[in-house]
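Read through the structure below, which is laid out as structure tokens, and then see the notes.
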Amino acid sequence: MNPTASDVTLGILAGGRATRLGGLDKAWLERDGVAQVLRWQRRFASETATTLVSANRHHERYRDAGLAVVADRVSEDIGPLSGLDALAATCATTWLLTIPVDLVGVNDCLLPSLFAAAGDNGAFAIDDDGVQPLVALWRVDGLRVAAADAIAANRPAVRGLQDGLRMHAVRLEGVRFGNLNTPDDLAAAGIKTNE
1 MNPTASDVTL
11 GILAGGRATR
21 LGGLDKAWLE
31 RDGVAQVLRW
41 QRRFASETAT
51 TLVSANRHHE
61 RYRDAGLAVV
71 ADRVSEDIGP
81 LSGLDALAAT
91 CATTWLLTIP
101 VDLVGVNDCL
111 LPSLFAAAGD
121 NGAFAIDDDG
131 VQPLVALWRV
141 DGLRVAAADA
151 IAANRPAVRG
161 LQDGLRMHAV
171 RLEGVRFGNL
181 NTPDDLAAAG
191 IKTNE
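Just so we're aligned: the sequence shown equals residues 1 to 195 in the UniProt record's numbering.
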């Protein structure tokens with residue numbers, strides 16, 4: 001049985017430093033006139049109850065756009081684990097669907113596919129490029145505990161966290177999410193930047 005929208009929060013991971021792009025804030029890169037963070041909020045609006053954004057800068061810009069933003073709760077640079085921890089701590093629904101803000105595209109049935117395989121603690125996607133651990137559906141109560149434990153034990157690997165939770169892999173044949181990591185990626189996606 002699929003969850004209703006009221007069971008799921010969309011968590012957009014936008015806390016990265018974009019070092020390969022000179023520190024550009026990927027959340028606000030525009031494709032076809034729409035910022036990445038708003039593109040994903042709109043894409044999943046009918047499937048989720050609300051959207052949370054994990055970000056560590058430009059909080060006022062998110063608020064001005066009507067988005068709820070959460071900052072990392074830990075000061076160490078432990079990568080996406082800190083964003084997952086912050087999202088789980090704030091999330092008020094049973095399930096949390098996470099995606100990186102710099103994805104290029106997702107398939108139409110992403111959430112139903114992940115939920116169908118979720119079991120007790122969730123599932124993550126494998127696209128044609130390989131494992132995509134941040135494209136995942138998490139049971140929030142399990143994530144809260146597991147993320148806190150991983151931070152305390154200095155185990156920042158998201159795949160290790162998922163292994164510990166016994167999350168299931170979902171192979172999405174013929175799907176490639178893509179990422180906006182380099183200037184060539186931006187050009188291929190039709191993104192022009194003046195920054």
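The beta carbon of each residue, even a glycine, is placed where N, CA and C say it ideally should be.
Computed from a predicted model, the values in this text were never measured in an experiment.
Residue i lies in the alpha helix (DSSP H); which residues open and close that run?
{"i": "S113", "result": "110–117"}
{"i": "G160", "result": "158–165"}
Could you spell out the range, first to last residue, of the beta strand (DSSP E) harbouring residue i?
{"i": "V170", "result": "168–171"}
Do the CB positions of residue i and residue j come within less than 7 Å of each other?
{"i": "T93", "j": "A49", "result": "yes"}
{"i": "T157", "j": "V101", "result": "Residue 157 is actually Ala in this sequence, not Thr. No, these two residues do not count as a Cβ contact at 7 Å."}
{"i": "V145", "j": "C91", "result": "no"}
{"i": "D129", "j": "R176", "result": "yes"}
{"i": "D72", "j": "A86", "result": "yes"}
{"i": "L52", "j": "T98", "result": "no"}
{"i": "L114", "j": "L137", "result": "yes"}
{"i": "L161", "j": "A150", "result": "yes"}
{"i": "L103", "j": "G11", "result": "no"}
{"i": "V24", "j": "I191", "result": "Note that residue 24 is Leu in the sequence shown, not Val. No, these two residues do not count as a Cβ contact at 7 Å."}
When we look at the beta-carbon of residue i and count the other beta-carbons within 10 Å, is it buried (16 or more) or exposed?
{"i": "S75", "result": "exposed"}
{"i": "V37", "result": "buried"}
{"i": "residue 200", "result": "For the chain, the structure presents residues 1 to 195; residue 200 sits outside this window and is missing."}
{"i": "S6", "result": "exposed"}
{"i": "T4", "result": "exposed"}
{"i": "R39", "result": "buried"}
{"i": "V70", "result": "buried"}
{"i": "P133", "result": "buried"}
| Does the count of Cβ pairs from the region 62–80 and the region 116–125 closer than 8 Å reach three? | no
| Whole beta strand (DSSP E) elements within the UniProt domain "MobA-like NTP transferase" (12–144), 3-residue minimum | 50–54, 68–70, 95–100, 122–127, 130–139
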